[in-house]
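For reference, the structure is listed below as structure tokens.
Numbering (the working numbering), first residue to last: 4 to 53.
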């Protein structure tokens, strides 16, 4: 009975980690190139819809 909530939490944790990684990459890109920024924002938005 406890296994399912644990698996769900692990999946949530993995997805949150991925979002943080993308957000960190976005922050690094912001000062470099406006087109890279736009592309990174699209990837972030796509990741949020999964």
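Positions of the beta carbon are idealized from the N, C-alpha and C atoms, including for glycine. None of the values given here were measured: they were computed from a predicted structure.
(message) Assuming residue 32 and residue 22 are in contact, meaning their beta carbons sit under 8 Å apart, how far apart are those beta carbons, in whole angstroms?
(response) The Cβ separation is near 15 Å, so there is no contact.
(message) Could you compute how far the alpha carbon of residue 12 sits from the alpha carbon of residue 25?
(response) Roughly 20 Å between the two C-alpha positions.
(request) State the CB to CB distance for the pair residue 44 and residue 29, rounded to an integer number of angstroms; the pair is presumed to be in contact (CB under 8 Å). (result) Between residue 44 and residue 29 the beta-carbon gap is near 7 Å, inside 8 Å, which marks them as a contact.
(request) Within the same chain, show all residues whose beta-carbon is closer than 7 Å to that of residue 50, passing over the 5 residues directly before and after it, in chain order. (result) Within its own chain, the residues whose Cβ lies closer than 7 Å to the Cβ of residue 50, once the five positions on either side in sequence are excluded, are 21, 22, 25, listed in chain order.
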